[in-house]
Amino acid sequence: MESANLHHSVFNIEEKRRELEQQGLTRVEVKRRVEDRYRMFSKKGAFTCLCCGKTVNMNLTKDAGRPFYFRHNDESECSYSQNTKTYEKQLSKLEDPSKKDIGLTIFREILEGELKPYGITIDRGYHYKKKLSFIPDFIIQFPHSDKRWAVDYFTAIGQGANSRSYARHLSQRMKTYEEEGFKVFSFVDSSWLSFLEETNKGTLLNAETHVTSKNHEDDLWDTFFNENIQGELLDFFKIETGFDSGECDTRNIAYVDINNRHCTILRFLPISKHERNITFYKLSSSVVPLTKALKVNAEQDQFILSEENEEEKRNNFLEEIIERKNNSLQSRKC
């Protein structure tokens with residue numbers, strides 16, 4: 002456990018370690034500094050578990066790269082300690098730890114800045130007071146409500162691609178979140194974005210399909226497509242793109258460039274499925290600051306992600322298809 006209560010405030014010992022290391026201190030110097038300042042509080046039982054309230058002890062590991070942590074004095078387990086172990090196991094096996102660490106620091110900074118003024122609580126997923134089989138990066142809880150959101154930032158979405166293990170992992174994760182009553186928001190590191198501008202097509206691993214979502218704007222795209230792309234125009238679109246379905250099923254996925262704090266909302270149409278991946282056709286995309294993407298809307302039932310009204314994009318999409326069809330007919334006549 003990286004956090005404990007101290008004097009009615011949350012003390013994160015890992016944040017303290019990183020803070021000191023960023024000042025250029027060696028591991029030995031960091032350990033000595035933390036010992037000198039906080040060991041007596043630990044001996045006096047001032048640190049208590051965030052979950053069960055039992056006294057916890059401060060443990061400072063010697064080896065570089067290993068975390069500092071708290072452990073129950075009586076070596077018992079509670080949901081916090083159990084969830085922490087589960088989370089750390091998933092992190093080491095399925096994520097890029099250094100990128101994840103930087104990303105979650107930025108996510109937390111932005112989420113607290115955007116949501117705390119509304120009295121919304123942002124907490125790490127392993128603080129949840131119930132044992133979970135899959136641990137979100139963050140759990141967001143709303144005041145005077147049982148509404149809870151699970152927020153994840155995935156840094157290594159392709160892990161286990163050959164065995165499909167990661168796709169199964171994400172499928173089970175999303176099912177668990179749903180059963181727990183969480184509304185899910187997934188963000189994928191932008192290093193996994195694979196898209197060709199010249200063809201307007203890209204590839205998603207099967208794992209990525211489990212972290213896509215569908216919202217009101219996607220429904221509007223479905224309605225627009227099904228009402229306007231029909232008959233010969235639909236036949237042309239199928240031949241041109243490889244689209245093999247009769248109706249539109251628009252999805253979206255959010256990619257995050259953590260270094261530049263940008264979020265790309267990619268709205269797409271799956272056009273063909275393969276053993277390990279799907280091919281998609283891009284309908285629209287928006288690049289917005291992460292601070293904007295993580296604002297809540299007025300109803301507090303959705304992250305804003307992108308405030309754009311995409312009516313103009315839909316009309317442009319239709320005009321471009323019609324133009325390409327007409328050009329194709331003209332070229333045949335010639």
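Heads up: take any position in the sequence shown, counting from 1, add 1, and you land on the working numbering.
C-beta: ideal position from N, C-alpha, C; glycine also.
Keep in mind the model is a prediction, meaning the values are calculated, not measured.
1) Check each candidate in 5, 233, 182, 138 and name the one with the smallest Cα separation from residue 327.
2) Could you pull out every residue in the same chain whose Cβ sits closer than 7 Å to the Cβ of residue 210, ignoring the five residues on either side in sequence?
3) Determine the DSSP secondary structure at residue 211, reduced to helix, strand or coil.
4) Suppose you measure from the CA of residue 251 to the CA of residue 287; what does that come to, to the nearest Å?
5) What is the C-beta distance between residue 155 and residue 255, in whole angstroms, given that I count them as a contact (C-beta under 8 Å)?
6) Going residue by residue through the region 255 to 327, where are the continuous beta strand (DSSP E) segments of at least 3 residues, counting only ones entirely within it?
7) From which residue to which residue does the beta strand (DSSP E) around residue 203 run?
8) Quick check: what's the CA-CA separation for residue 332 versus residue 292?
9) How long is the line joining the alpha carbons of residue 102 and residue 167, rounded to whole angstroms?
10) Looking at the secondary structure, which residues open and close the alpha helix (DSSP H) in which residue 177 lies?
11) Among the candidates 121, 281, 150, 296, whose CA atom is the shortest distance from the CA of residue 194?
12) Measure the C-alpha to C-alpha separation of residue 313 and residue 319 and round it to an integer number of angstroms.
13) For residue 330, does the count of other Cβ atoms within 10 angstroms reach 16, so buried, or fall short, so exposed?
14) When the Cβ atoms of the region 172 to 183 are set against those of the region 106 to 125, are three or more pairs found closer than 8 Å?
To lay it out plainly:
1) Closest by alpha carbon: 233.
2) Apart from the 5 residues on each side of it in sequence, residue 210 sits with its Cβ closer than 7 Å to the Cβ of 279 in its chain, given in chain order.
3) Looking at residue 211 - three-state DSSP - the assignment turns out to be coil, as it is neither helix nor strand.
4) The straight-line gap from Cα to Cα measures roughly 15 Å.
5) That pair is no contact at about 10 Å.
6) Runs of the beta strand (DSSP E) inside the region 255 to 327: 263 to 274, 278 to 290.
7) According to the DSSP assignment, residue 203 belongs to the beta strand (DSSP E) that extends over 202 to 206.
8) Roughly 47 Å between the two C-alpha positions.
9) When rounded, the distance between both Cα atoms is 20 Å.
10) Segment 166 to 181, the alpha helix (DSSP H) holding residue 177.
11) Of all alpha-carbon atoms in 121, 281, 150, 296, the one lying nearest the alpha-carbon of residue 194 is that of 281.
12) Each residue's alpha carbon lies about 10 Å from the other.
13) Residue burial is scored here from C-beta neighbours: residue 330 has fewer than 16 other C-beta atoms within 10 angstroms and is therefore classed as exposed.
14) Touching, no.
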